[in-house]
Amino acid sequence: MGSGASRQERGQALARAAARRLFDLAVVMVGVATVVFLLLRAVPGDPVLILGGLDTLDRDVIARARAEMGLDRSLVEQYLIWLGNMVSGDLGRSLRSGVPVTDLILRAMPPTFQLGIMALVIGMVISVPLGVAAARRAGSPADLGITVFAILGISTPPFVIALGLVYLFAVEFRLLPVAGYVAFADDPAGNLRAMAMPALTLGLVTGGVLVRMMRRSVIDELGEDYVRTARAKGVGETAVVYRHAVRNAAIPYVTILGLEAGVMLSGAVITETIFAIPGLGRLMIDNINARDYPVVQGTVLVVALVYVLINAGVDGMYRLLDPRVRAGAAR
Amino acid sequence: MTAPAPALSVEGLRVAVGPPGRGRAVVGDVAFAIPPGGRLAIVGESGSGKSMTALAVAGLLPRGARQTAGQIALGGRIVDPAGPGMARIRGREIAMIFQDPMSALNPVMTVGAQLVEAIRAHSAMSPRAARARAAEMLAAVQIPRPAERLDAWPHEFSGGMRQRVMIAMALTHRPKLLIADEPTTALDVTTQLQILRLIDGLCREEGSALMLITHDLGIVEGFCDSVVVLYGGRMMEAGPVAAVLGRPRHPYTRGLMATIPPLDRDVDWLDPIPGEPVATPAADAPGCPFAPRCGLAEARCRTVTPAWRPAGSKVAASCHLLAPSPAGGGLS
Ligand SMILES: Nc1ncnc2c1ncn2[C@@H]1O[C@H](COP(=O)(O)OP(=O)(O)OP(=O)(O)O)[C@@H](O)[C@H]1O
Ligand code: SF4
Ligand SMILES: [Mg+2]
């Protein structure tokens, strides 16, 4: 059990975990690419006809458009070309505007990521103190109140929360704009005002889930033997809760946090639509309606990539929080 | 001549589990005292209330369990184990180690950090000084290369080593009383004796009284000077080890002795205890708790709680057959 040997073992375990992660990433991306490719082509509706309007185009024009878009080739050819381009980072161009898909995505990413991060921060700021407070007083009226709040947050549809917030902050108190978006770089204060309600909408939903998780985990940890040991040592109750129980409860909490970060990406679709934020969710919805294959494909791929990265982030957090994981021991 | 105040005295202790009002008594009218530096064993089958008694004394009862009656005094001073002042007493005047060393240490804190926490809970030592002291403590419990081991995680230690760490933490502040709740049950046989010797030796050095919970009568004989026998949360018999084990009066104690390899004594009553201990009535129900399994039970045993009465020099027990009875045929 010399520390030198174990450090080397830990390095190897880390390298193995990283290699497995990369392999997973490749498999997931190819899988997602394939499924998206097939699904989009299974959906009825010809992009050229939708783009051009049924009556206005003659056959030659249509044929030329199809050739330009590569739609005249066989499915297998289209698939292979697309996979090849994807590997080289080329996601194609929008069928409608001709703008490179990567440009569209890069433009749509900042609002979505900002929204997701703000919402997660709000969710954490709500859930850690409330979850711990509820756990410490499990069964009390305060616990019941927090639980009701959390369940309301979970079970109210986001658009209802959004409308409620709009009514409160935009209509009643006229503190925030109803909808719209400004880039942070252009107008930081305006950006934060525009993002406040969307972030709060998602943050309340996620906060509800996280409060439940934190409460349950802290209650469980407070019943563990090591907590009794800490009390037996004469450690004060606040330190028992935070230094011991919460630190251990953080491990399952982070799992749910990762799931919620993923949920953010789909939650963004509704929220971005309600608040007119030009993010990935909007980009995807608009282009599904227009059958703009390359844009939808590209967006889904990027979302899948983000999911995988979130997972890797969660694994990283485990390593940070749990020495047993670092050692590569059974978990 | 006044005797020094006992390290621990317990009187009329009752513990109940479940919701207040509808709870079930699991410890009833337990009373004993341990003189400074004394060694008391608490024995009894699984579920007899040994842990509940110990946890009540330390104020560490689990959620859902509470002390409903009784007085506990440490060094002659009455304390409220469930009260807020107990955190200042635990770890300093009274310390405790538990049965399962695998789960008793925080898995995400280093061994050193947990030792330092124990030290600094009751002293204003600097972190650096506390760390040096922590290494000394690991050395005292015979962990090799102690300074290095401070940075180890609990999962890198064996069960025996973790129990050593627990002992080190418990004895840091030279408590007047160490409670050890089956400290070796989870360990393999060779480690058991080492750990018991360690506890024994360190308690002697620090002058700590020991309350040792076990169901191994061999351990009682080897390490303790007095013994309390519990059944169904109530005291069956208590007294000096030599007297109680040498000549058990109570049918339950006799049965308990029959469950271990025979000792070279004239115990002529060697049937293993029939019946399941789970059928135990609540610790405040009338009658003798052992009646459902006692081979000598009479009608009154089920309805009248036997009194706690002397049964020889310094020994006391609770059994109707120990009373001087007009029908004759008592046990003593
Ligand atoms: N957390 C708890 N909640 C409710 N009842 C409990 C709890 N822990 C123990 N009990 C009950 O209290 C009674 C006494 O249990 P206790 O743990 O004191 O027994 P023990 O003598 O220590 O047994 P063992 O040798 O198995 O450790 C048992 O009937 C048990 O079912
Ligand atoms: S009181 Fe009765 S039941 Fe209880 S131990 Fe004595 S004889 Fe047995
Ligand atoms: Mg026990």
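Chains G and U, in that order, are what the protein sequence lines are.
The opening residue of the first sequence carries number 5 in the numbering used here; numbering runs sequentially from there.
The opening residue of the second sequence carries number 661 in the numbering used here; numbering runs sequentially from there.
Positions of the beta carbon are idealized from the N, C-alpha and C atoms, including for glycine.
* Asked: Is any beta-carbon of chain U found at less than 9 Å from that of G/ILE255?
  -> So yes, G/ILE255 belongs to the interface.
* To do: Indicate whether at least one CB of chain G lies closer than 9 Å to the CB of U/LEU668.
  => Not one chain G Cβ lies under 9 Å of U/LEU668.
* Please confirm whether U/ALA869 and U/ALA718 have their CB atoms less than 9 Å apart. => Contact: no.
* Kindly indicate which residue of G/VAL306, G/LEU324, G/PRO327 has the alpha-carbon position closest to the one of G/LEU29. => If we check each option's Cα against that of G/LEU29, G/VAL306 comes out closest.
* Asked: Taking the C-alpha atoms as reference points, what is the distance between G/GLY127 and G/VAL273?
  -> Roughly 18 Å separates the two Cα atoms.
* Contacts that U/LEU720 makes with chain G (C-beta to C-beta distance below 8 Å) -> Around U/LEU720, the beta-carbon contacts reaching into chain G at under 8 Å are ARG232, ARG235, ALA236.
* To do: With hydrogens ignored, establish whether the beta-carbon of U/SER978 is closer than 8 Å to any heavy atom of ligand 2.
  => Under cutoff, so the answer is yes.
* Asked: For ligand 2, any of its heavy atoms closer than 8 Å to the Cβ of U/GLU958?
  -> At a cut-off of 8 Å, the beta-carbon of U/GLU958 counts as near ligand 2: some heavy atom of the ligand is closer than that.
* **Cβ neighbours of G/HIS248 in the same chain (closer than 6 Å, five flanking residues each side left out)** => Result list for G/HIS248: VAL231, ALA234, in chain order.
* Partners in chain G for U/ARG748, counting only beta-carbon separations shorter than 9 Å -> By Cβ distance, chain G contributes GLY238.
* **Rounded separation between U/PHE692 and U/ILE749 - CA only** => When the Cα atoms are used, U/PHE692 and U/ILE749 turn out to be separated by approximately 20 Å.
* chain G contact for U/ASP740 (CB, 9 Å cutoff) -> Residue-level contact check: U/ASP740 does not touch chain G, since none of the beta carbons of chain G fall below 9 Å from its beta carbon.
* Below 9 Å between beta carbons: does that hold for G/THR275 and G/PRO202? -> Yes. Within cutoff.
* Just jot down, in chain order, the residues whose CB lies closer than 7 Å to any heavy atom of ligand 3. => Residues with a Cβ closer than 7 Å to any heavy atom of ligand 3, in chain order: U/LYS710, U/SER711, U/GLN759, U/ASP841, U/GLU842, U/ILE873.
* Asked: Helix, strand or coil: how does DSSP classify U/GLY688 here?
  -> Per DSSP, reduced to three states, the secondary structure at U/GLY688 is strand.
* **Neighbour-count burial assignment, G/TYR246, 16 or more Cβ in a 10 Å radius** => Exposed: under 16 other Cβ atoms inside 10 Å.
* According to DSSP, residues forming a beta bridge with U/ASP841 -> The bridge partners DSSP lists for U/ASP841 are U/ILE873.
* Asked: Can you name the residues of chain G whose CB is closer than 9 Å to the CB of U/GLY815?
  -> Per the sequence presented here, residue 815 of chain U reads as His, with Gly not at that position. Simply PRO327, ARG328, ALA331, ALA333.
* **Where U/PRO761 falls: helix, strand or coil (DSSP)** => In the three-state scheme derived from DSSP, where H, G and I count as helix and E and B as strand, U/PRO761 is classed as helix.
* **For U/GLY672, the nearest candidate out of U/CYS863, U/ASP885, U/ILE702, U/ARG894 (CA to CA)** => Closest in C-alpha terms to U/GLY672, from the list U/CYS863, U/ASP885, U/ILE702, U/ARG894, comes U/ARG894.
* Residues from the stretch 754-786 of chain U in contact with chain G, defined by Cβ distance under 7 Å -> Within the stretch 754-786 of chain U, the residues whose Cβ lies closer than 7 Å to some Cβ of chain G are ALA755, MET756, PHE758, ASP760, SER763, ALA764, LEU765, ASN766, PRO767, VAL768, GLU777, ALA778, ALA781, HIS782, listed in chain order.
* Who pairs with U/ALA729 in a beta bridge, going by DSSP? -> Answer by DSSP bridge pairing, in chain order: U/ARG674.
* Asked: If contact means a Cβ-Cβ distance below 8 Å, which residues of the stretch 12-29 of chain G contact chain U?
  -> Cβ contacts with chain U come from no residue of the stretch 12-29 of chain G.
* **Sequence ranges, alpha helix (DSSP H) only - wholly within the stretch 219-307 of chain G, length at least 4** => Runs of the alpha helix (DSSP H) inside the stretch 219-307 of chain G: 229-236, 251-278, 284-293.
* Asked: Do we get a CB-CB distance below 9 Å when we pair U/ALA830 with the residues of chain G?
  -> Taking Cβ atoms only, chain G reaches closer than 9 Å to U/ALA830, which makes this a yes.
* G/VAL164 (DSSP reduced to helix, strand or coil) -> Of the three classes helix, strand and coil, the one that applies to G/VAL164 here is helix, per DSSP.
* Do you know offhand how far U/VAL771's Cα is from U/PRO814's? -> Their Cα atoms are separated by approximately 6 Å.
* To do: Run the CB neighbour count on U/ASN766, radius 10 Å, all protein chains shown included, and call it buried at 16 or more, exposed below.
  => Buried, because 16 or more other Cβ atoms sit within 10 Å of the Cβ of U/ASN766.
* To do: Determine which residues share a DSSP beta bridge with U/PRO970 and list them.
  => In the DSSP output, where bridge partners are listed per residue, U/PRO970 has U/ALA976.
* Separation of G/ALA331 from U/LEU862, as counted between CA atoms -> A direct Cα-to-Cα measurement between U/LEU862 and G/ALA331 gives close to 34 Å.
* Asked: Counting pairs of Cβ atoms below 8 Å between the stretch 188-197 of chain G and the stretch 124-143 of chain G, do you hit three or more?
  -> Output reads no: the stretch 124-143 of chain G does not touch the stretch 188-197 of chain G.
* To do: List the residues of chain G that U/GLY751 touches, going by C-beta distances under 7 Å, in chain order.
  => Proximity of chain G to U/GLY751 at the Cβ level (cut-off 7 Å) is accounted for by ALA236, LYS237, GLY238, in chain order.
* Asked: Taking 9 Å as the CB-CB cut-off, is G/GLY302 touching chain U?
  -> No, G/GLY302 lies away from the interface with chain U (no Cβ there is under 9 Å from its Cβ).
* Identify each residue in the stretch 190-207 of chain G for which the Cβ-Cβ distance to at least one residue of chain U is less than 9 Å, and report them in chain order. => The stretch 190-207 of chain G vs chain U, Cβ under 9 Å: nothing.
* State the DSSP-derived secondary structure class of U/LEU890, mapped to helix, strand or coil. => Here DSSP, grouped into helix, strand and coil, assigns U/LEU890 to strand.
* To do: State the DSSP-derived secondary structure class of U/ARG737, mapped to helix, strand or coil.
  => Strand at U/ARG737.
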